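Heads up, my numbering is the position in the sequence shown plus 20, with the first residue counted as 1. Down below is the structure, laid out as structure tokens.
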Amino acid sequence: MGRLALIAALPLLGFLINGVVGARLPKRVVAAIACVLPALAFALTLERFVALPAGGAGMTETLFTWVAIPGLTIDVSLYFDAIAAVMCLVVTGIGTLIHIYSVGYMAHDRSFARYFAYLNLFLFFMLVLVLGKNLIVLFVGWEGVGLASYLLIGFWFEDPEKTAAGVKAFVVNRVGDTGFILAAFLIYAVVGSLDFQAVNAFFSTNRVADHITTTIGLLLLLGACGKSAQIPLHVWLPDAMAGPTPVSALIHAATMVTAGVYMLARLNGLYLATPSAMSVVAWIGAATALLGATMGVTQFNLKKVLAYSTISQIGFMVLACGLGAFAVGLFHLMTHAFFKACLFLGAGAVLHALQGEEDMRKMGALARKLPFSFATFFIATLALCGIPPFAGFFSKDEILSVAWSSSDGMPWLWLVALGASGLTAFYMFRAIWLTFFGTSRVSPEAAGAVHEPPPSMSIVLGVLAAGSLIAGFVGLPAVWQHALGVSAPFYAFLAPLFPTTSTAHGDVATEWLLMGAAVLVALVGIVLAWLRYGRAPEPAVEPVRPGPLHALVSRGYFFDTVYERVVVRFMDWLSESVLGRVVETTLADAALATPAEGARRASRWFARLQSGNVQAYAFYVLVGLALTLWWTATHD
21 MGRLALIAAL PLLGFLINGV VGARLPKRVV AAIACVLPAL AFALTLERFV ALPAGGAGMT
81 ETLFTWVAIP GLTIDVSLYF DAIAAVMCLV VTGIGTLIHI YSVGYMAHDR SFARYFAYLN
141 LFLFFMLVLV LGKNLIVLFV GWEGVGLASY LLIGFWFEDP EKTAAGVKAF VVNRVGDTGF
201 ILAAFLIYAV VGSLDFQAVN AFFSTNRVAD HITTTIGLLL LLGACGKSAQ IPLHVWLPDA
261 MAGPTPVSAL IHAATMVTAG VYMLARLNGL YLATPSAMSV VAWIGAATAL LGATMGVTQF
321 NLKKVLAYST ISQIGFMVLA CGLGAFAVGL FHLMTHAFFK ACLFLGAGAV LHALQGEEDM
381 RKMGALARKL PFSFATFFIA TLALCGIPPF AGFFSKDEIL SVAWSSSDGM PWLWLVALGA
441 SGLTAFYMFR AIWLTFFGTS RVSPEAAGAV HEPPPSMSIV LGVLAAGSLI AGFVGLPAVW
501 QHALGVSAPF YAFLAPLFPT TSTAHGDVAT EWLLMGAAVL VALVGIVLAW LRYGRAPEPA
561 VEPVRPGPLH ALVSRGYFFD TVYERVVVRF MDWLSESVLG RVVETTLADA ALATPAEGAR
621 RASRWFARLQ SGNVQAYAFY VLVGLALTLW WTATHD
């Protein structure tokens, strides 16, 4: 087995051991298996990262030939280049930290081994997804992370609400997967291959009809909207908070929701050949960034605030890809992995201290009792809000800069993204004020047991907070590079694969002005949150008088309502009234009732021949003989 295959196989081994015999092993052994194997995968990824040849060349491992028929050969091949290296480092690095955190968080759960088996399985499928050399291998991982998310979101399956959330995620993603599969068929029909390098090279060097490339690009975008929770298929992600909090961190920071962004970046050659689809990608990303941010403003569930934040931040990444800045989108994916994992796990520390309470209206004044958890949550919040010098500032500012430079005339995309950035600062500091400051609204039963998390959780929070602070320095924007006399190793590393991506977008003065505007908008959002929730926290937690706008936003712009009343009810009617009563009945009659009735009538006719009359039997024999002789004579 090659080293690339071993990277994916190590988490799979953990799944097999804990899934088969984990229930009979001590929890300490289960935790060691579950955490050590992903850590070894991370070490192997680092080794392969260091061994990567210069110039953008990748490493290939072919495991076996899956399909070999005339005109179609599909190999199960793994490919490790700069894009795969970034994704594998994020998946194995952040994934390992979340595993370690889970040891303390899930210590008292009676399904401890099953939880870690599913967590390892999630990493395995995500690694297959990012290491796959062609669309088929990627799709195996693509479907695998959907399965793993279903298992983990509905982990506490005794609760019908949690089970329903897992089913919802699974079903909504099947809609996106339909687009992905149709796009794969079209790609093969046009290119004759499903290998990523062949597909990108074909669309880069051959002229294909615009309607074909646009259709392929939009179908792939539909798949990305499902996995990465972009409108209109974003509705599953807030409900995915039903699973254990470390699962939310894994889904949001290192695995499932990053898959769509990765796929867009991996097929950059195809997308650069279809400006129309690229424009739709950019606007879907910008709209999702803004709508996700507005929905986060109205939530009181701490985990759902972070869920809508993820929807919004993935929108920024999709926006960057739609503008052709694929490396910038991947950079924000990397920095987001640090601060979003830190935020979710910080929220997990709060929930752990409050015996599972998620409503911010029942929190308050926790900064004094949870100083370390608050400090890490606060650092990650600053990174998410884009405050310098934290990691999110560098990646988000670069996206805003690209949006400005790509505009023809009025920079609408920049304005939408800037508005989403300001709302991000508002709703995140709203969460800070309601959770950690003001007067305590914690129930008397939980107040006496509030405590900092155990070391296995605290150490992980510290590491992620440090990453939220320093990770951005590997991708300094052009003006900072010139001012400090340094380079941006992240962009240099990806440059051979994204030659069209530039980090220099205009004159220095404009760049500094854009940067200042982004920081100013974020600071305004912070101040407004303080004025509304920090100065007078008591009125802030009272129920808001719901006006039409508040009802629209708090109910997620009625996406769920429309889907329930239009799509679900229509499908119910179609399945019950049309397919059930008409099609199924007709098919049943044609396939079962009619042949059965024919057999019944034939049996009755043949039964009449069995009269017991020997002369009649002799007559039948003579008739049969005569017919046989006639047939023989006429066909010689």
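Backbone N, C-alpha and C define an ideal beta-carbon position, used for all residues, glycine too. Quantities reported herein were computed from a predicted structural model and do not represent experimental measurements.
Taking C-alpha atoms, which residue in VAL192, TYR640, ASN288 and VAL96 lies nearest to GLY349? ASN288
Which one or two residues does DSSP pair with ASN321 in a beta bridge? ASP379
Any chance you could list the beta strand (DSSP E) runs of at least 3 consecutive residues sitting entirely within the region 27 to 91, in chain order? 79 to 89
Proximal residues to MET380 (C-beta, below 6 angstroms), its chain only, five neighbours per side dropped: PHE320, LEU322, LEU454 and THR455
Work out the CA separation of THR294 and PHE414 for me, nearest whole Å. Annotation: PHE414 to THR294 spans about 29 angstroms, alpha carbon to alpha carbon.
Find out if the Cβ-Cβ distance for the pair ALA725, SER268 is shorter than 8 angstroms. There is simply no residue 725 to check, as the chain begins at 21 and stops at 656 in what is shown.
Please confirm if the region 324 to 339 is in contact with the region 240 to 258, defined as three or more CB-CB distances below 8 angstroms between the two stretches. yes
To the nearest angstrom, report how far apart VAL317 and GLU377 are at their CA atoms. Taken atom to atom, the span from the alpha-carbon of VAL317 to that of GLU377 is near 19 angstroms.
As an exercise, report each continuous alpha helix (DSSP H) stretch of at least 4 residues that is fully enclosed by the region 578 to 633, in chain order. Every alpha helix (DSSP H) of 4 residues or more that sits fully in the region 578 to 633 is shown, in chain order, as 579 to 582, 589 to 593, 604 to 608 and 614 to 629.
Straight-line Cα distance separating LEU363 from PHE449: Annotation: PHE449 to LEU363 spans about 12 angstroms, alpha carbon to alpha carbon.
DSSP three-state call for ASP745: helix, strand or coil? The structure shown has nothing for residue 745, since the chain only spans 21 to 656.
Whose C-beta lies closer than 8 angstroms to the C-beta of LYS182 among residues of the same chain, with five residues either side of it excluded? Contacts found: ILE173, GLY174, PHE175, TRP176, ALA262 and GLY263.
Tell me which residue opens and which closes the alpha helix (DSSP H) that GLU7 is part of. This structure does not reach residue 7, given that the chain is present from 21 up to 656, and the question cannot be answered.
Using alpha carbons as the reference points, say which of ALA71, LEU386, PHE358 and PHE398 lies closest to ARG461. LEU386
Restricting to runs no shorter than 4 residues, where is the alpha helix (DSSP H) found entirely within the region 92 to 137? 102 to 125
If you measure between the beta carbons of PHE35 and LEU147, is that distance less than 8 angstroms? no
Nearest-angstrom beta carbon gap, TYR447 and VAL325 [assumed within contact, 8 angstroms]: Contact holds; Cβ gap of about 6 angstroms.
PRO90: buried (16+ other C-beta within 10 angstroms of its C-beta) or exposed? exposed
Reference THR65, options ARG48, VAL110, ALA43 and ALA74, closest by Cα: With distances taken between Cα atoms, THR65 lies closest to VAL110.
Take ALA279 and list the residues in its own chain whose beta-carbon comes closer than 7 angstroms to its own, dropping the five residues that flank it on each side. Cβ contact annotation for ALA279 (same chain, cutoff 7 angstroms, sequence separation greater than five): LEU149, TRP162, VAL165, LYS247 and SER248, in chain order.
Is VAL40 buried or exposed, if buried means 16 or more other CB atoms sit within 10 Å of its CB? So VAL40 ends up on the exposed side.
Is LEU642 buried or exposed, if buried means 16 or more other CB atoms sit within 10 Å of its CB? By the neighbour-count criterion, in which 16 or more other beta carbons inside 10 Å mark a residue as buried, LEU642 falls on the exposed side.
For THR581, which residues in the same chain have their Cβ closer than 8 angstroms to its Cβ, ignoring the five residues on either side in sequence? ARG575
State the beta-bridge partners of ASN193 as determined by DSSP. The partner list for ASN193 (beta bridge, DSSP) is empty, contrary to what the question assumes.
So, for ALA25: in the same chain, excluding its five sequence neighbours on each side, which residues have a beta-carbon less than 8 angstroms away from its beta-carbon? GLU81, LEU83 and LEU98
Helix, strand or coil for ASN140 per DSSP? helix
Only counting the same chain, and skipping five residues up and downstream in sequence, which positions put a Cβ closer than 7 angstroms to that of ILE37? ILE53, listed in sequence order.
Tell me where the alpha helix (DSSP H) around PRO264 begins and ends. PRO264 -> no alpha helix (DSSP H), and no H or E assigned at all.
Which parts of the region 428 to 478 are runs of the beta strand (DSSP E), unbroken and 3 residues or longer, counting only runs that do not cross its ends? none
Can you tell me whether DSSP reads ALA646 as helix, strand or coil? helix
Three-way DSSP call (helix, strand, coil) for GLY344 in this model: In the three-state reduction of the DSSP assignment, GLY344 falls in the coil class.
Endpoints, the alpha helix (DSSP H) within which ALA423 is located: Annotation: the continuous alpha helix (DSSP H) that includes ALA423 extends over 411 to 425.
What does DSSP give as the partner residue(s) for ASN154 in the beta ladder? The bridge partners DSSP lists for ASN154 are ASP215.
Quick check: what's the CA-CA separation for ILE407 versus ALA542? 7 angstroms
Where does GLU178 fall in DSSP's three states? For GLU178, the secondary structure class from DSSP, reduced to helix, strand or coil, is coil.
Determine the burial state of PHE590: buried for a count of at least 16 other Cβ atoms within 10 Å of its Cβ, exposed for fewer. That one is exposed.
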